[in-house]
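Respectively, the protein sequence lines represent chains F and X.
Residue numbers for the first sequence follow the working numbering, beginning at 832 and rising by one.
Residue numbers for the second sequence follow the working numbering, beginning at 832 and rising by one.
Here the structure comes first, spelled out in structure tokens, and everything after it is commentary.
Protein chains: 2
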Amino acid sequence: MSNKGSLTRQSVIDKSLQIFSVKGYYNASINDILEATGLTKGGFYGHFASKEDLWTAAYDKAVEIWKGIVFKGIREIDDPIERLAKTIENDLQDYIGSGVFDGGCFFFNNLVELSGQSAPLSGRILRGLEDFSRLLASWLAEADRKGMLRPGLDLKGIADFVVVSVNGAAALYSASRDPRILRETVMQLRSYLDHLKA
Amino acid sequence: MSNKGSLTRQSVIDKSLQIFSVKGYYNASINDILEATGLTKGGFYGHFASKEDLWTAAYDKAVEIWKGIVFKGIREIDDPIERLAKTIENDLQDYIGSGVFDGGCFFFNNLVELSGQSAPLSGRILRGLEDFSRLLASWLAEADRKGMLRPGLDLKGIADFVVVSVNGAAALYSASRDPRILRETVMQLRSYLDHLKA
DNA sequence: TGTTACAAACAGACCGGTCGGTATTATCTT
DNA sequence: AAGATAATACCGACCGGTCTGTTTGTAACA
């Protein structure tokens, strides 16, 4: 049972997660990661086949981390609208606002850079965001079935709008480091959700 | 009046605007720009002192283009809320959705990449966005003075939220190329603005 | 328990190629 | 002829990735 190797591998992923979140995919060099981990090229390429391979592993880990934060205590909330509001709050305050990743949102930062430069990598992120939007839309549908919403709403449009706003806030917070952005967005989205109610 | 030179300079700026909007600052190479313009290094560096110098010139031109599109027919609108809604629509449909820049929004794409990598360049973009938000806030204040809004609203927070959402939509549209994103965001923001009214 | 054998883990030099930028030289325009 | 404009060749630094060789941990055997 040699776990020394997998320990090293994990530490490389953890460090690269931070570096990718700050510098993006292309601007983060293998040397940056070597410097942060104390490894050398030979050691590194024993664990990962390529830079893209490392990024993919980092992405998967980022998803894990993100889910743990954003969906914390969510399943216990019966009211689907409140569940949605709490998810937004978790995302902006506990994920973005708490410095989980140095560069802000790993996903969005990388998505913007990779759009139009690498369809495989950006497509992976995009699919994740779409899944998230679909989940939010299913909660809205649940609220609709329970008669909690005004009739005739575009539920998918609302879910997309939430995802759009949350990610926009994440990006502008990363750039400005102004916590007002996060607080304001949480409040405005809460008020926006309120006026959807029947 | 030597205008051959300034013509070349302008064409370099125009081409680089597109390239920067797609690839961002670091991933766009001088060679990319030379290839697109047919120039060589010697010619290029006769017009621009550095890559950063070119980017700055491109940024200024992008601001010009953006203003021309987003504020078209805006001054004629008396109702400040309608003015705000129309500005959002112009931005998302005529600026983002009409392929003015190949990569979507020049400003936001570059902002995300440059955040935490170049304070001078990202700071310039950020200041532009803050100016925009302040302008929108002044329109909201105007509406407030005219008694059009519910009392006790956080006007700056609302303006920031609009900027956040518009830019989030721009980024997600660039990545997905799904025009629904733009249409939905325009509609949701319109409905959001409506419920602010007295 | 000490020795041998083997594989996992890592080090560091090196590859072709690209990066932003410079210096020099040639070619236009006036 | 003179000055603006552009072409060419080149620089050192860095890019992702490969290569060979050394160290280290571990298990089998005596």
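In this text, a Cβ means the ideal position worked out from N, Cα and C, and glycines have one as well.
C-beta atoms of residue i and residue j nearer than 7 Å
| i | j | result |
| --- | --- | --- |
| F:H878 | X:H1026 | no |
| F:L966 | F:I956 | no |
| X:G935 | X:S1005 | yes |
| F:F992 | X:E1015 | yes |
| X:N998 | F:G959 | no |
| X:D925 | X:I900 | yes |
| X:E895 | X:V1017 | no |
| F:A893 | F:I844 | no |
| F:A1001 | F:L986 | no |
| X:R1021 | X:A916 | yes |
| X:V853 | F:G947 | yes |
Inter-residue spacing [alpha-carbon to alpha-carbon] between residue i and residue j
| i | j | result |
| --- | --- | --- |
| X:M832 | X:G855 | Any reading at X:M832 is ruled out, since the residue's pLDDT is 40, under 50, leaving its predicted position unreliable. |
| F:S953 | F:F851 | 14 Å |
| F:M1053 | X:K977 | Outside the shown range of chain F (832 to 1029) lies residue 1053 of chain F, about which nothing can therefore be said. |
| X:L870 | X:D891 | 22 Å |
| X:S996 | F:F938 | 17 Å |
| X:L857 | F:A1029 | Just to set this straight, residue 857 of chain X is Tyr in the shown sequence, not Leu. The straight-line gap from Cα to Cα measures roughly 49 Å. |
| X:K846 | F:L984 | 43 Å |
| F:A972 | X:R1011 | 19 Å |
| X:P982 | X:A974 | 11 Å |
| F:Q1019 | F:I861 | 41 Å |
| X:R840 | X:I864 | 12 Å |
| X:L1024 | F:Y1023 | 9 Å |
| X:D1009 | F:D910 | 31 Å |
| X:T887 | F:L1013 | 29 Å |
| X:G873 | F:L848 | 40 Å |
| X:F902 | X:L923 | 12 Å |
| X:W897 | F:S964 | 30 Å |
| F:N940 | F:G930 | 14 Å |
Reference residue i; option with closest CA among the options
| i | options | result |
| --- | --- | --- |
| F:A950 | X:I989, X:A1002, X:G904, X:S1007 | X:S1007 |
| X:I912 | X:A893, X:A1000, X:I989, X:L870 | X:I989 |
| F:L1003 | X:S969, X:D1009, X:E944 | X:E944 |
| X:I908 | X:D1009, X:K898, X:W970 | X:W970 |
| F:K882 | F:K898, F:A859, F:W897 | F:A859 |
| F:F875 | F:S842, F:D910, F:K898 | F:S842 |
Residue i, buried or exposed, once every other Cβ within 10 Å from all chains shown has been counted against 16
| i | result |
| --- | --- |
| X:T918 | buried |
| F:D962 | exposed |
| F:R914 | buried |
| X:A880 | exposed |
| F:N834 | exposed |
| F:D884 | exposed |
| F:S837 | exposed |
Paired residues, beta bridge with residue i - DSSP
| i | result |
| --- | --- |
| X:K903 | Answer is none; X:K903 lacks a bridge partner. |
| X:K1028 | X:L980 |
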